[in-house]
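Asker:
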Ligand SMILES: Nc1ncnc2c1ncn2[C@@H]1O[C@H](COP(=O)(O)OP(=O)(O)OP(=O)(O)O)[C@@H](O)[C@H]1O
Ligand SMILES: [Mg+2]
């Protein structure tokens, strides 16, 4: 019969594509058991749902299949614990997050629904409640925070840690602010995305923060999963639009975050209605009720409905968000109320 040691030796050639080391050396191969010609083992992954799992399982099967006397191979999958992750990524042990009390990820399964716009305005509204707020643009594919806040400066570095840029009472970091000469440190293609995000979360001198608001890219891919895993005590704010088509994607994202035991604070419906100057009646351009429907079926509270407003869009283009140019407007109050509700839900002293 083949020994556990022989299995271990055989699997040693399989490397994690992101970490570029042997799965065995990374401690990702666990609970090997051999019974006659049947081998069972567990593969512990840092990104359980990521694209690499299938190819890794296939490779493990291949190398073990070549061993004499092995006829069946069973590979179980498990997610690494937070402690495992910290050991695995010592350079990004998330030291920068030590004094960050709460993480609030702004997410949506869908693109273009206004995540970045809401992340910025809600971050500003939280700051107006007297909280210390950071803003991390985790959209590694298309960082838009620098444009929406008109940020041109590059963050300074100190002992291999980045110092966030301050504007409008926020401490801000975005991949879009990092000079191209410094970007080699952040390779954000394919499986490296997770690494880049952990760096953005942890290798930043955030200092003392009540909330770090994280603007997520669209979708439920690696970046969202990485943020979800990095913040076991984090919360998520889901953004949706009223249309039915948006809801399916948002539902998928809700399921994903629930799977990672993240606290979803609630939903915000963006582009809910349009205030027509002539009638002062709200016009539900996209048909109403998507947010309410989702709230009902998911049991998540609807924290607010933000109208379509020229000032919101223009604020994004000009670098002066509505919560800076018109915090006391009607829409400003809507953002402020959403911020207050978030504080009621998550404010761990
Ligand atoms: N309530 C609103 N009223 C008017 N314009 C808005 C509103 N919300 C967002 N926008 C505009 O819609 C566009 C998309 O918004 P935003 O970039 O915030 O979406 P996103 O979900 O972050 O997109 P992506 O998925 O690409 O990251 C922007 O031009 C923004 O200014
Ligand atoms: Mg965005």
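Residue numbers (the numbering used here): 951 to 1299.
Beta carbons are placed, not taken as given, at the ideal position from N, Cα and C, and that holds for glycine.
These numbers come from a predicted model, not from an experiment.
Run the proximity test for residue 1205: is its beta-carbon closer than 7 Å to any non-hydrogen atom belonging to ligand 2?
Answerer: Residue 1205 Cβ: outside cutoff for every heavy atom of ligand 2.
Asker: If I measure Cβ to Cβ from residue 1221 and keep anything under 6 Å in the same chain, skipping five residues before and after, which residues do I get?
Answerer: Excluding sequence neighbours, residue 1221 sits near 1191, 1258.
Asker: In angstroms, rounded to a whole number, what distance separates the CA positions of residue 1103 and residue 1127?
Answerer: Those two C-alpha atoms are separated by around 7 Å.
Asker: Please report how far the alpha carbon of residue 1224 lies from the alpha carbon of residue 1281, in whole angstroms.
Answerer: Spanning the two alpha carbons is a distance of roughly 11 Å.
Asker: Using beta-carbon positions only, say whether residue 1216 and residue 1116 come within less than 8 Å of one another.
Answerer: Against a cut-off of 8 Å, the Cβ pair of residue 1116 and residue 1216 comes out as no contact.
Asker: Should residue 957 and residue 1019 be called a contact, given that it needs their Cβ atoms to be closer than 8 Å?
Answerer: Not a contact, by the Cβ cut-off of 8 Å.
Asker: Any contact between the stretch 1263–1272 and the stretch 1092–1108? By contact I mean 3 or more CB pairs, one from each, below 8 Å.
Answerer: Cβ pair count under 8 Å is three or more, so yes.
Asker: Just mark residue 1060 as buried or exposed, buried being the case when its beta carbon has 16 or more other beta carbons within 10 Å.
Answerer: By the 10 Å Cβ count, residue 1060 comes out buried.
Asker: Return the residue from the list 1022, 988, 1031, 1013 that minimises the CA-CA distance to residue 978.
Answerer: Nearest option by C-alpha distance: 1031.
Asker: Decide if residue 1288 is buried, meaning its Cβ has at least 16 other Cβ atoms within 10 Å, or exposed.
Answerer: Classification of residue 1288: buried, given that the 10 Å Cβ count is 16 or more.
Asker: Can you give me the Cβ contacts of residue 990 inside the same chain, cut-off strictly under 6 Å, excluding the 5 residues immediately before and after it?
Answerer: The answer, listed in chain order, is 983, 1024.
Asker: When we look at the beta-carbon of residue 1042 and count the other beta-carbons within 10 Å, is it buried (16 or more) or exposed?
Answerer: Unreliable positioning characterises residue 1042 in this predicted model, as indicated by a pLDDT of 46, which lies under 50. A coordinate reading is not provided.
Asker: Tell me, please, which residues DSSP counts as bridged to residue 996.
Answerer: Per DSSP, none; premise fails for residue 996.
Asker: Consult DSSP for residue 1276 and reduce its assignment to one of helix, strand or coil.
Answerer: Here residue 1276 sits in coil by DSSP.
Asker: How do the stretch 1161–1170 and the stretch 1074–1094 stand: do at least 3 beta-carbon pairs fall below 8 Å, yes or no?
Answerer: Judged by Cβ distances under 8 Å, the stretch 1161–1170 makes contact with the stretch 1074–1094, as three or more pairs qualify.
Asker: Closest to residue 975 by CA distance: which of 1292, 1255, 959, 1093 is it?
Answerer: When only C-alpha atoms are compared, the closest one is 959.
Asker: Which same chain residues end up closer than 8 Å to residue 1243 when comparing Cβ atoms and leaving out the 5 residues on each side of it in sequence?
Answerer: Cβ within range, chain order: 1197.
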